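Quick note, the sequence shown lines up with residues 104 to 265 if you use the numbering used here. Positions of the beta carbon are idealized from the N, C-alpha and C atoms, including for glycine. Quick caveat, the model's predicted, so the values are computed rather than measured.
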Amino acid sequence: MKFEIINSIIELVKYCIFFRIIWVDIKKRIIPEESVVILIILGLIAAIQNDNLEKYYLGICAYSMPMIVLYILEDYFRKTLIGFGDVKLMMGIGGLLEYFGIEKILNFYMILYIFSGVIASLFLFLKKWKKYEYIPFAPFIVASYIIFEILINKSWWKYGKK
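If you want it as structure tokens, here you go:
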């Protein structure tokens with residue numbers, strides 16, 4: 104009973120932080136540092152509670168690695184693709200998701216890029232965004248996390264393992 108209350112509070116705080124990250128990224132074009140730190144701490148609390156510190160650490164590293172590569176490629180292309188706040192947000196999300204194999208990471212990124220590509224194309228087609236206008240990426244990352252969590256929980260319910 105005690106852990107259920109703690110888990111409910113963690114979930115509530117997590118989604119409040121996600122809402123704040125999306126709001127600030129859209130309005131100010133930045134992802135707040137303290138919000139990312141809170142996500143990392145929430146993941147750490149869950150990892151300690153489940154005795155999964157190794158998977159927590161590997162999740163932070165593995166989920167953020169493709170974003171780090173993309174961030175490094177910015178210098179090569181001399182074009183801003185993502186900000187470092189997006190990389191830090193992926194660290195927080197990786198800690199929350201934990202490492203359960205490369206397949207899950209690839210699935211997450213597939214959801215992220217397909218979802219963001221479809222929505223961005225739709226907004227460009229409807230002329231809500233201009234071609235070279237700033238497009239906030241944090242809402243896509245958070246939405247992909249939520250979709251991914253729903254898919255994981257659904258498969259967990261169906262197959263009996265996460």
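Leu200 and Ile134 look like a contact to me (Cβ under 8 Å); what is the Cβ gap, rounded to whole Å? Translated into the one-based positions of the sequence shown, residue 200 becomes position 97. Translated into the one-based positions of the sequence shown, residue 134 becomes position 31. Wrong, their Cβ atoms sit about 18 Å apart, outside the cutoff.
Following the continuous alpha helix (DSSP H) through Asp178, name the residue where it begins and the one where it ends. As a first step, residue 178 is located in the sequence shown; it is residue number 75 there, counting from the start. Start and end: 156-180.
Roughly how many angstroms lie between the CA atoms of Asp128 and Lys182, to the nearest whole one? On the sequence shown, residue 128 is found 25 positions in, with the first residue counted as 1. On the sequence shown, residue 182 is found 79 positions in, with the first residue counted as 1. Spanning the two alpha carbons is a distance of roughly 19 Å.
Grouping DSSP H, G and I as helix and E and B as strand, with all else coil, what is Pro239? Position 136 of the sequence shown holds residue 239. Reduced to three states, the DSSP call for Pro239 is coil.
Can you tell me whether DSSP reads Leu184 as helix, strand or coil? Position 81 of the sequence shown, counted from the first residue, corresponds to residue 184. Note: Leu184 maps to coil in three-state DSSP.
Can you tell me which of the three DSSP states Phe121 falls into? Within the sequence shown, numbered from 1, the residue matching residue 121 stands at position 18. Three-state result, Phe121: helix.
The region 237-252 contacting the region 199-216, beta-carbon criterion three pairs below 8 Å: yes
Would you say the region 206-222 touches the region 135-144, given that touching needs at least three Cβ pairs under 8 Å? no
Return the CA-CA distance between Phe122 and Asp178, expressed in angstroms with no decimal places. Translated into the one-based positions of the sequence shown, residue 122 becomes position 19. Translated into the one-based positions of the sequence shown, residue 178 becomes position 75. Roughly 31 Å between the two C-alpha positions.
Exposed or buried, which one is Lys207 when buried takes at least 16 other CB atoms within 10 Å? Taking the sequence shown and counting its residues from 1, one reaches residue 207 at position 104. Burial call: buried.
Looking only at C-alpha atoms, which of Ile255, Met213, Val140 sits nearest to Ile120? For the purposes of this step, residue 120 is taken as residue 17 along the sequence shown, with counting starting at 1. Of the candidates Ile255, Met213, Val140, the one whose C-alpha sits nearest the C-alpha of Ile120 is Val140.
So, for Ile124: in the same chain, excluding its five sequence neighbours on each side, which residues have a beta-carbon less than 6 Å away from its beta-carbon? By one-based count along the sequence shown, residue 124 stands at place 21. Excluding residues within five positions, the ones whose Cβ falls inside 6 Å are Ile134, Ser138, Ala241.
Using alpha carbons as the reference points, say which of Phe243, Leu227, Phe106 lies closest to Glu236. The residue you call residue 236 lines up with position 133 of the sequence shown. Of the listed residues, the one whose Cα sits closest to Glu236 is Leu227.
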